[in-house]
Structures are given as structure tokens and as C-alpha cells.
Amino acid sequence: MKIWTSEHVFEHPWETVVQAAWRKYPNPHNPTVVGLDVIDRHVDKQGRLVSHRLMCTEWGLPMWVQKLVGVDRACYASEHSVVDRKRKTFVLRTNNVTFSNLVAINEQLTYSPHPTDKKSTLLKQEAIITVHGMRLSSYLEQLVVNTCSSKATQGRVAMEWVIGKINTEVKDLAKGVKGIKHNLENIATKAENLESPL
1 MKIWTSEHVF EHPWETVVQA AWRKYPNPHN PTVVGLDVID RHVDKQGRLV SHRLMCTEWG
61 LPMWVQKLVG VDRACYASEH SVVDRKRKTF VLRTNNVTFS NLVAINEQLT YSPHPTDKKS
121 TLLKQEAIIT VHGMRLSSYL EQLVVNTCSS KATQGRVAME WVIGKINTEV KDLAKGVKGI
181 KHNLENIATK AENLESPL
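Numbering of the sequence shown is given in this note's numbering, commencing with residue 1 and proceeding in unit increments.
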């Protein structure tokens, strides 16, 4: 068994980062995620958004590893998440479904406001990798750890890309509202001119 941990600070508010995490896929920085389906989503008695999603990925493992564990390129993972707006936490727990009897990957991501900078968000990641009953298990576990580390870096880049996309949408929306306001003011001015005696 190997444990991989990481922390990262997004210089964006928690609400923005959580919105980006929900809208993360598809994106050009994580092309291995090819599908994401919502199995269940509801608000629990505590007012938390609870979700279960199924993710289809192409892991990009070397061909010899695919043959060794007996899988093709498509792999599936189950993701359970809880968004708690009161406590400002977003916790995602993901475990692989494909070949889990040989290699178990249990990952947890926790997004919360940074303890000293409320305008930033702290991401804590942990992955527990266990290879069952195979030769070279320590080597395979380290290979998966390296993959997790690489994917985490790509994931952070993807999050920044999605946040940039959200910020652009907000700016475009504000510009559209400003244009509508300007048009309404013009219409009001023309209406006043029509009502004024010459």
C-alpha cells in the first residue's frame, strides 16, 4: 500500500473553485476523462448537496500493464461528493471500479477556504493505492502514485482553465446587461422626447 498526499492553494474564493470543480469536465487539459454520468443527486436533511457520479476515463497505462491487469483503455470510477455550504467544504471521494480486485485506488479531495486567506481555497488531496496478489506490487503501486501526481497537476491546470472560462462568462454577462441597460435608457430618453411638447 502506498499513500500519496498533496496540497494546493487556488487564489480564488471557495464558491468559484467549487463551481469550477462541478464544471471541470470536459476540458482540454484532462482529455482522458471521456464521460461523466450522474447516478444520484439530492439535498440531504442537513442541506448538503450529495452526489454520486460514474466517471469513464482512459488511464493511458502502458500496454504491458493493461495486459497484465486484463483491462482495455476504458476504466470506470465511482465518485461520491458532498457540498456543505454552511461549513464551506466540498469533499469528493473516488474509487476505481475497473480492476479494483487487483489495484484499489481510493482518492479524496477536500476543498475549503484557506485558513489565513479567505479569498483563496485550499485543496487537500490524498490517494491510497493498494495492489493485491501480484508480483511487482510495490513497483506497480509506485507507478500508480506517479500517475496520480501527474494527473493532479493536470487537474489543477484544468481547474484554472475552467475558472478563467467562468470569469469570461461573468464578464460577458455583465457586458450584455450593461448593453441592455444602455438600450433601455435610450428608449426611455426617446419616449420622454416624444411626450415633450415642441
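We put the CB at the ideal spot given by N, CA and C, even for glycine.
Pairwise C-alpha distance: Val-83 and Lys-45: Residue 45 sits at position 45 when you count from the first residue of the sequence shown. Residue 83 sits at position 83 when you count from the first residue of the sequence shown. Straight-line Cα distance between these residues: approximately 13 Å.
Endpoints, the alpha helix (DSSP H) within which Arg-41 is located: What you label residue 41 is simply residue 41 of the sequence shown in a count that begins at 1. Where Arg-41 is concerned, there is no enclosing alpha helix (DSSP H), although the beta strand (DSSP E) around it starts and stops at 33-43.
For the beta strand (DSSP E) that contains Lys-86, what are its first and last residues? The sequence position of residue 86 within the sequence shown is 86, counting from 1. Careful: Lys-86 lies outside any beta strand (DSSP E) and carries neither H nor E.
Reduced DSSP secondary structure (H/G/I, E/B, other) of Lys-118: The count along the sequence shown starts at 1 and reaches residue 118 at position 118. Coil.
Nearest to Ser-137 by alpha carbon, out of Leu-123, Leu-102, Lys-165, Gln-125? Position 137 of the sequence shown, counting from 1, holds the residue named residue 137. For the residues Leu-123, Leu-102, Lys-165, Gln-125, the minimum Cα distance to Ser-137 belongs to Leu-102.
Leu-109 - containing beta strand (DSSP E), residue span: Along the sequence shown, one-based indexing puts residue 109 at 109. Element bounds for Leu-109: 103-113.
Grouping DSSP H, G and I as helix and E and B as strand, with all else coil, what is Val-97? In the sequence shown, counting from the first residue as 1, residue 97 sits at position 97. Coil.
For Ala-20 and Asp-117, what's the separation of their Cα atoms in angstroms? As a first step, residue 20 is located in the sequence shown; it is residue number 20 there, counting from the start. As a first step, residue 117 is located in the sequence shown; it is residue number 117 there, counting from the start. Those two C-alpha atoms are separated by around 19 Å.
Let's see if you can read the secondary structure: which residues bound the beta strand (DSSP E) around Met-55? Along the sequence shown, one-based indexing puts residue 55 at 55. 49-58 is the extent of the beta strand (DSSP E) around Met-55.
Cα-Cα separation between His-52 and Lys-178, rounded to whole angstroms: Position 52 of the sequence shown, counted from the first residue, corresponds to residue 52. Position 178 of the sequence shown, counted from the first residue, corresponds to residue 178. Taking the straight line joining both Cα atoms gives about 39 Å.
Validate contact between the stretch 129-148 and the stretch 16-36 using beta carbons, cut 8 Å, 3 pairs: no
Let me know if Met-63 comes out buried or exposed under the rule of 16 or more other beta-carbons within 10 Å of its beta-carbon. Along the sequence shown, read from residue 1 onward, the residue named residue 63 stands at position 63. Exposed, by the Cβ-count rule.
With a Cβ-Cβ cutoff of 8 Å, do Lys-2 and Ile-129 count as a contact? The residue given as residue 2 occupies position 2 in the sequence shown. The residue given as residue 129 occupies position 129 in the sequence shown. Yes, the pair counts as a contact, with Cβ atoms nearer than the cut-off.
Judging by CA-CA distance, which residue of Lys-175, Leu-184, Leu-109, Leu-143 is the nearest neighbour of Val-245? Because the chain in this structure spans residues 1 to 198, residue 245 falls outside the shown range and cannot be described.
Between which two residues does the alpha helix (DSSP H) harbouring Glu-7 extend? Working through the sequence shown from its first residue, we reach residue 7 at position 7. Here Glu-7 belongs to no alpha helix (DSSP H); instead the beta strand (DSSP E) covers 2-10.
Evaluate Ser-150 with the Cβ neighbour count: other Cβ atoms within 10 Å of its Cβ, from every protein chain shown; 16 or more gives buried, anything less gives exposed. Position 150 of the sequence shown, counted from the first residue, corresponds to residue 150. It counts as exposed.
Tell me Lys-175's beta-bridge partners as DSSP assigns them. As a working mapping, residue 175 is identified with position 175 in the sequence shown. In DSSP, Lys-175 forms no bridge with anything.
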